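One structure below.
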Amino acid sequence: MDVFPAGAITDSATVSNLQNQDEVATDKVQHVPGTLSAAQAELRAKDHLIASLSEECNVYQSLCSALDGKVGKKEGEIVNSMAKLARLNAQVSSLTKRNGEYKADLATMREVTQSQGEIIQQLRGGARDSGNADGSSLREKEGERQADTIRSLLERNLHLETLLSSIQETLAQRDATIAHLSDRRAKQEAQVLTLSQDREKLRQFCASLEQTIAEDEEAMARLRITIAKEKVAAEEWKTLFTLSRAQPHIHGAANISTVGIFEAQNRKIAELQEKLSECHMQLVASHNGTIFMPRELLLLNGGSDSAPI
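Quick note on numbering: the UniProt record's numbering labels position 35 of the sequence shown as 35, and the sequence is numbered without any gaps.
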């Protein structure tokens with residue numbers, strides 16, 4: 001049985017304060033499950049956010065892959081269009097050159113036709129003069145020769161006129177072909193310009209998507225670090241809560257250790273223990289005889305069960 005001197009009753013207020021402080025610490029520990037649940041809920045929300053960001057990044061990457069394929073296809077079309085345009089330019093140049101040659105030949109043929117017409121007129125005049133002159137055999141032969149020459153020139157002239165007409169028709173066809181090829185070339189150039197602009201837009205869009213993905217990955221990295229810290233803190237809270245529930249109570253007073261979380265509470269308890277020691281020393285000095293300290297006070301002071309002082 002514990003024996004108290006009369007003066008020891010004055011320490012009951014100090015013991016009561018100490019017990020109240022322990023009850024406050026107990027109350028704080030009892031709130032640990034709620035805090036832990038809130039932390040776990042936040043972790044689940046952040047896990048959901050990370051999953052959403054990961055899915056969005058996958059969508060972005062798929063879109064970038066599709067756009068890369070589309071850009072490659074557009075570049076192939078541009079290369080083919082430029083090759084076609086080069087062939088059209090070569091055809092236009094060749095046709096233009098041949099057209100110039102045909103026009104030069106046509107001018108030459110017109111000059112030849114005009115010259116031959118003049119010769120025919122001269123020959124016809126000579127034949128008329130021969131008819132009015134003496135009908136000698138020499139002049140008759142000369143007239144026949146001139147008549148043959150005129151017929152030959154007329155036939156040649158007719159052939160040249162037919163050839164000239166054919167050349168003119170060919171030139172008209174060439175001009176139409178050149179106009180058609182020029183129109184196709186203009187359309188090809190417009191298409192190449194449009195494809196180049198589309199390719200540039202796609203490249204800019206891909207660059208924007210890559211920047212967005214990089215920012216999302218950076219945000220995800222920060223979230224992973226935060227979640228790791230939250231998990232460590234949650235595990236610490238869980239461990240401390242488990243230890244606090246497993247620690248026994250003494251005489252109905254909650255004596256729960258909260259070291260590592262309630263540093264301010266521990267400092268307050270240390271101050272109370274120091275005051276209790278001072279009170280005990282005062283009791284020893286003021287009373288002569290055997291003093292038995294209560295078991296609670298000895299435990300708080302680091303001693304064993306009830307023992308004389």
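Where a beta carbon is used, it is the ideal one built from N, C-alpha and C, also for glycine.
Computed from a predicted structure; not experimentally measured.
Nearest neighbour of Gly100, chosen from Ser65, Arg174 and Ser52 [CA to CA]: Here residue 100 corresponds to residue number 100 of the sequence shown, with the count starting at 1. Closest option to Gly100, Cα to Cα, is Arg174.
Distance, Ala90 Cα to Ser166 Cα: Position 166 of the sequence shown holds residue 166. Position 90 of the sequence shown holds residue 90. If you take the alpha carbons of Ser166 and Ala90, they lie about 25 Å apart.
Please report the distance separating the alpha-carbon of Glu118 from that of Ala107. The residue given as residue 118 occupies position 118 in the sequence shown. The residue given as residue 107 occupies position 107 in the sequence shown. In a straight line, the C-alpha of Glu118 is about 17 Å away from that of Ala107.
Use the C-beta contact count for Ala234: other C-beta atoms within 10 angstroms, 16 or more gives buried, fewer gives exposed. Here the question's residue 234 lines up with position 234 in the sequence shown. With 16 or more Cβ atoms within 10 Å of its Cβ, Ala234 is classed as buried.
For Leu193, is the classification buried or exposed, using 16 other Cβ atoms within 10 angstroms of its Cβ as the cut-off for buried? Counted from its first residue, the sequence shown places residue 193 at position 193. Exposed: under 16 other Cβ atoms inside 10 Å.
Burial state of Thr258, where buried means 16 or more other Cβ atoms lie within 10 Å: Walking along the sequence shown from the start, residue 258 turns up at place 258. Note that Thr258 scores a pLDDT of 43, beneath 50, so its modelled location is shaky; the value from the coordinates is reported in the next line. It counts as buried.
Thinking just about the alpha-carbon of each residue, which of Arg98, Asn80 and Ser182 is nearest to the one in Leu195? For the purposes of this step, residue 195 is identified with residue 195 of the sequence shown, where counting begins at 1. For the residues Arg98, Asn80 and Ser182, the minimum Cα distance to Leu195 belongs to Asn80.
Nearest residue (CA-CA) to Lys73, options Ala104, Asp198, Ala214 and Arg222: In the sequence shown, the residue the question calls residue 73 occupies position 73. Among Ala104, Asp198, Ala214 and Arg222, the Cα nearest to that of Lys73 belongs to Asp198.
If we call anything under 9 Å between Cβ atoms a contact, is Ile178 one with Thr96? Numbered from its first residue, the sequence shown carries residue 178 at position 178. Numbered from its first residue, the sequence shown carries residue 96 at position 96. Annotated as proximal: Ile178 and Thr96, with beta-carbon spacing under 9 Å.
Taking only the alpha-carbon atoms, compute the straight-line gap between Glu189 and Arg224 and give it to the nearest angstrom. As a first step, residue 189 is located in the sequence shown; it is residue number 189 there, counting from the start. As a first step, residue 224 is located in the sequence shown; it is residue number 224 there, counting from the start. Roughly 52 Å separates the two Cα atoms.
Pairwise C-alpha distance: Leu240 and Asp216: Position 216 of the sequence shown, counted from the start, is the residue given in the question as residue 216. Position 240 of the sequence shown, counted from the start, is the residue given in the question as residue 240. Answer to the nearest angstrom: the Cα atoms are 36 Å apart.
Compare the C-alpha of Ser115 against each of Glu77, Gly76 and Arg156 and name the closest. In the sequence shown, the residue the question calls residue 115 occupies position 115. Checking every option, the nearest Cα to that of Ser115 belongs to Arg156.
Output needed for Ala207: all residues of its chain with C-beta closer than 6 Å, excluding positions within five of it in sequence on either side, in chain order. By one-based count along the sequence shown, residue 207 stands at place 207. Close CB contacts of Ala207 within its chain, under the 6 Å cut and outside five residues either way in sequence, are absent.
Out of Arg110, Ser94 and Ala176, which one is the CA nearest neighbour of Thr162? Against the sequence shown, residue 162 aligns to sequence position 162. Comparing Cα positions, the closest option is Arg110.
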